[in-house]
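Every letter in the sequence shown is one number past the one before it in numbering that gives the first Met the number 0, and letter 36, counting from 1, is 35.
All C-beta atoms in this analysis are idealised placements derived from N, C-alpha and C, irrespective of residue type, glycine included.
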Amino acid sequence: MATEMRVLLSAKEYVLVILTLTLVPIVLVELFGVSQMRAAIPEFQTDPNMPQLEDWLVGILFAFAIIGVRFALTAVFKPLGRMVLSPTKRNKEDRVERFATVLFKFTFFAAITVAGFFVMRDEKWFPAVLGGKGEIREAYLTLHDAPSFALKYYFLVQLGYHFHSLLFMVFFSPIR
0 MATEMRVLLS AKEYVLVILT LTLVPIVLVE LFGVSQMRAA IPEFQTDPNM PQLEDWLVGI
60 LFAFAIIGVR FALTAVFKPL GRMVLSPTKR NKEDRVERFA TVLFKFTFFA AITVAGFFVM
120 RDEKWFPAVL GGKGEIREAY LTLHDAPSFA LKYYFLVQLG YHFHSLLFMV FFSPIR
């Protein structure tokens, strides 16, 4: 006698599965296009300052560093949450945890926004209307130029944040 195994998914989980099945081919096609462009532009092979595939490892290291910082800051922010939340909410651990998480995200995004401005303000494509010295059309003309060291690592920190977010959601967040 065979037993039948059924997987029951909620509507939200069905949407996530459909989005994943939609986005994976799009990402693969995009990666193929980028690899074709990189093969066609000689600067990507000859200039060691151009972004390379190995740079992803640095982004992953940033992800683990951000996870460590998140745990440390969450531990610091929890007592603050217990002090500032209303009496009914401060007794609920999930509300205190949520407060600490939101405060971590606020701190990260505030810091990365300020850092991004200082990193990008001298780029020739950063427009004057945003405090830069360049023109936005230069962004399309500088594809063959290697990014500055600071800009490259700014983007790797951003990659690290998003990879951290994915890891955190999969391994540390409760299923709601």
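Spatial neighbours of R94 in its own chain (CB-CB distance under 7 Å, excluding positions within 5 residues in sequence) are listed in chain order as L84, K88. A direct Cα-Cα distance of roughly 29 Å separates E53 from R136.
Counting the other Cβ atoms within 10 Å of the Cβ of V118 gives 16 or more, which makes it buried.
Annotated as proximal: F98 and F76, with beta-carbon spacing under 8 Å.
When DSSP states are grouped into helix, strand and coil, G131 belongs to the coil group.
At a Cβ-Cβ threshold of 8 Å, H143 and E42 count as neighbours.
Assignment of beta strand (DSSP E) within the region 50-106, counting only whole runs of 3 or more residues, yields no such run. Shown here, P146 sits in coil according to DSSP, grouped into three states, outside any helix or strand.
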